[in-house]
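Working notes, structure below.
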Amino acid sequence: MKFFFPDAQDLVDPSFDFDTETRSEHRLRQRDDQYAHEVFATPPYEGMLVSKAIVEGQGIESGRYTMAQRLRLLREGAKEFFRIKDRPLEIMGDCGAFSYVKEKTPPVTPDQVIDFYEACQFDYGVSIDHIILAYNPDCDEALPGLDCVPDDWKERQQITIDLAAEFLARHKKRKCKFCPVGAAQGWSPKSYAHCVEELQKIGYQRIGLGGMVPLKSHEILEALRGIDKVRRPETQFHLFGVTRCDHIASFRSFGVTSFDSTSPLRQAFKDDKDNYYATNRKYAAVRVPQVEGNAKLQKKIIAGDVKQSEARRLELACLQALKDYDRTGKGLEGGLRLLREYEHLYDGKKDYSEQYRATLGDKPWKKCPCEICRAIGIHVVLFRGAERNRRRGFHNLYVTYQRLRTEVQQLEQAG
């Protein structure tokens, strides 16, 4: 069971000073900043997923490569670009179907995608698919002669199957080195099974199941049970955008051998409360926003409702109290009062006091053996700026990967 981490050029600056919040004046981002697999002694994933849309910026609001980065990736290849030549990591490429989900048909051809995969020297390349943003298992129970499936869903699935056939034919004719992965789309267990069955007939032994990101765990398992009825023994599945470590045993029994997800990273700064992963629970990160970087607070300052000097005083007082608490273990209640006072300035509608009490009281960063928690201490649980937030995301990757490895080892020991 392999975990692939989707690339969006998420790096951290090793020269960043958390006390002064400054960085080296000689820093060059692509040369000096580090990927997660460079931060940890053991990479927190077995591979990376690189999207053509992310690299080329098609329909993507963020995470685009610069032109120089794109050209260097195509010139050097992915393993050189990501600095993984000496690491046992694999690279999978896909089209980034979410970037053209609103289009009638995908705006790329199999040859264009193969050109990209070949230039980047990927280990795996996924065929072009067209996402079906719906899941309705009731469609499988429709009365004979009553077709309740929208034409758009059926068209998107057929486009996915046709392009997979063309992709594999061109792959064979061009004698490509990467392993082809057929993309499957569906809207119910039977429709997913139909798509997988067609891809197997075409000749795919590796199939990526798309469109499952918004599904609940029981729906994913429901779809896998339907697919299992047509799965050949040699067929292996990849789940796009799905983690769900709780269901590793079930996934594996249905032929899933890999998956990818950005959830551990994104939850570090996108989730309201579950930002820091511990082995047995999740904690809220402690918000200490920069006065100059908080839009709500800046509006209040401009309107004259808040004095900038007072906001800055509280910001610095909170940071100092937290650092002192990390060093001495004392001053929790005083620190919580300062955090609440500052919180009232920048967002009077919310009160995270109880969540902060749990995070600071349990001190999970003290118990974590990962390189990030050992290096930056309490800063890993501070919701403040990209350098802290992204490192917390890297920590979450570490915890997720350790949990995955534990689950897999237990399965292997059980036979």
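If you read the sequence shown in numbering that gives the first Met the number 0, its first letter stands for residue 0, the second for the next number, and so on.
Note that the Cβ used here is the ideal one computed from N, Cα and C, for glycine as well.
Since this is a predicted model, take the numbers as computed values, not measurements.
Helix, strand or coil: which one does DSSP assign to residue i?
i: residue 46; result: strand
i: residue 60; result: A caution first: residue 60 carries a pLDDT of 48, below 50, which makes its placement in the model unreliable, though a value can still be read off. Residue 60: coil per DSSP, three-state reduction.
i: residue 66; result: helix
i: residue 295; result: helix
i: residue 38; result: helix
i: residue 87; result: coil
i: residue 16; result: strand
i: residue 3; result: strand
i: residue 137; result: helix
i: residue 290; result: helix
i: residue 120; result: coil
i: residue 93; result: strand
i: residue 25; result: coil
i: residue 132; result: coil
i: residue 8; result: coil
i: residue 125; result: strand
i: residue 100; result: coil
i: residue 236; result: strand
i: residue 285; result: strand
Going by CA-CA distance only, name the one from the options that's closest to residue i.
i: residue 416; options: 236, 207 and 31; result: Residue coverage of the chain in this structure runs from 0 to 414, which leaves residue 416 outside it and unanswerable.
i: residue 258; options: 349, 303, 375 and 212; result: 212
i: residue 321; options: 290, 356, 350 and 308; result: 356
i: residue 188; options: 136, 110, 152 and 128; result: 136
i: residue 443; options: 331, 334, 340 and 325; result: Outside the displayed span of the chain (0 to 414) sits residue 443, for which this structure offers no information.
i: residue 147; options: 134, 157 and 379; result: 134
i: residue 190; options: 215, 162, 224 and 173; result: 224
i: residue 15; options: 389, 403, 275 and 80; result: 389
i: residue 43; options: 1, 328 and 150; result: 1
i: residue 250; options: 326, 78, 208 and 360; result: 208
i: residue 395; options: 115, 150 and 264; result: 264
i: residue 358; options: 371, 30, 378 and 346; result: 378
i: residue 415; options: 397, 4 and 372; result: The chain is shown only over 0 to 414; residue 415 falls outside these bounds and no answer can be derived.
i: residue 347; options: 299, 41, 375 and 155; result: 299
i: residue 338; options: 369, 319, 329 and 408; result: 319
i: residue 92; options: 18, 7 and 103; result: 7
What do you get for residue i, buried or exposed, if any count of 16 or more other CB atoms within 10 angstroms of its CB means buried?
i: residue 386; result: buried
i: residue 60; result: Bear in mind that a pLDDT of 48 at residue 60, under 50, signals an unreliable position, so the model cannot answer this.
i: residue 230; result: buried
i: residue 414; result: exposed
i: residue 399; result: buried
i: residue 32; result: buried
i: residue 50; result: buried
i: residue 291; result: exposed
i: residue 217; result: exposed
i: residue 301; result: exposed
i: residue 248; result: exposed
i: residue 412; result: exposed
i: residue 82; result: exposed
i: residue 78; result: buried
i: residue 392; result: buried
i: residue 314; result: buried
Cβ of residue i within 7 Å of any heavy atom in the ligand PLP?
i: residue 120; result: Absent from the structure shown: the ligand PLP. Ligands present: none.
Subject >> alpha helix (DSSP H) runs contained entirely in the stretch 150-231, provided each spans 4 or more residues >> reply: Taking 4 residues as the shortest admissible run, the stretch 150-231 contains the following complete alpha helix (DSSP H) segments, listed from N- to C-terminal end: 150-172, 188-201 and 216-227.
Subject >> the stretch 173-185 touching the stretch 123-130, judged by at least three CB pairs closer than 8 Å >> reply: Proximity of the stretch 173-185 to the stretch 123-130 meets the contact definition, three or more beta-carbon pairs being nearer than 8 Å.
Original post:
Would the stretch 21-41 and the stretch 276-286 be scored as touching if the rule is three or more Cβ pairs under 8 Å?
Top reply: They do not touch, by the three-pair rule.
Original post:
Does the count of Cβ pairs from the stretch 164-175 and the stretch 193-204 closer than 8 Å reach three?
Top reply: Contact between the stretch 164-175 and the stretch 193-204 is present: 3 or more CB-CB pairs across the two stretches fall below 8 Å.
Original post:
For the stretch 309-387, which segments carrying the alpha helix (DSSP H) assignment without a break, of at least 4 residues, lie completely within its bounds, in sequence order?
Top reply: Runs of the alpha helix (DSSP H) inside the stretch 309-387: 331-345, 352-361, 363-366 and 370-375.
Original post:
Counting pairs of Cβ atoms below 8 Å between the stretch 265-272 and the stretch 26-45, do you hit three or more?
Top reply: Touching, no.
**OP:** At 4 residues or longer, and completely inside the stretch 250-280: list those alpha helix (DSSP H) runs for me, N to C.
**Re:** Under the rule that a run must span 4 or more residues, the alpha helix (DSSP H) segments found entirely inside the stretch 250-280 read 262-269.
Subject >> Any 3 or more C-beta pairs closer than 8 Å across the stretch 240-253 and the stretch 340-354 >> reply: Touching, no, given that fewer than three Cβ pairs across the two stretches are closer than 8 Å.
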